[in-house]
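Residue numbers (the numbering used here): 4 to 213.
Beneath this line is the structure, given in structure tokens, with notes to follow.
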């Protein structure tokens, strides 16, 4: 999916099929899969609150209150369905073959809340859009296309508040972390923007983030 032009007609078609593939995985019946509970995300947020300012002190004023907010919001999250989820969703892990979409790189498959996958993938779209300088309306349109297609293929509903929490947490736990540790060109410059994006999303509705 990464090979398609961001925002193109083919990209949006692929995005909708990708959402359907994720929904199918989330409803698969697989035995003996290790769990990754919500507590793992919370622990990771606490670790990032300590680690990131030590690496980039300029992040401290924005990051610390954001993580504190997310930790408080975590206590308000409602019951979530248990599902098999991919654990590392981003554009490169969707393989397109004509009309079919396959998920690859399944090393991190776990059992837990499917919102972990949905939030993680939306965070990856936001980060990709920021990196390429895509407009905010286009980024929002991509998020809407994925979320709408996903919702059409699952029997459960994620509230805006729950989805926002997982997107914001994934931006910090995954996208910011990778920008710092993977040392790719220009990615470090995105850290402050990603933290700001996470802070904004933590107070918005799903229609405002996509």
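For each residue, glycine too, the CB sits at the ideal point set by N, CA and C.
Residue j beta carbon less than 8 Å from that of residue i
i: residue 198; j: residue 62; result: yes
i: residue 87; j: residue 31; result: yes
i: residue 104; j: residue 10; result: no
i: residue 98; j: residue 125; result: no
i: residue 112; j: residue 90; result: yes
i: residue 169; j: residue 119; result: yes
Assigned exposure category for residue i - 16 Cβ within 10 Å defines buried
i: residue 209; result: With a pLDDT of 43 at residue 209, under the threshold of 50, the predicted position of this residue should be treated as unreliable, and no value is reported.
i: residue 139; result: exposed
i: residue 96; result: buried
i: residue 52; result: buried
i: residue 212; result: For residue 212, the predicted structure reports a pLDDT of 41, less than 50, and the residue's modelled location is therefore unreliable. The matter cannot be settled from this model.
i: residue 171; result: buried
i: residue 48; result: buried
i: residue 78; result: exposed
Neighbour flag for residue i against chain E, beta carbons, 8 Å
i: residue 5; result: In the displayed structure, chain E is absent; only one protein chain is listed.
Limits of the alpha helix (DSSP H) - the one that residue i falls within
i: residue 115; result: Premise fails: residue 115 lies in the beta strand (DSSP E), 113-115, not in any alpha helix (DSSP H).
i: residue 164; result: 163-173
Residues that DSSP places opposite residue i in a beta bridge
i: residue 106; result: 97
i: residue 38; result: 114
Residue interval of the beta strand (DSSP E) (run including residue i)
i: residue 86; result: 86-88
The segment 182-200 / the segment 54-68 touching (three or more Cβ pairs under 8 Å): Touching, per the Cβ criterion.
Segment contact, 8 Å Cβ cut-off, at least three pairs: the segment 35-54 with the segment 151-161: Segments in contact, no.
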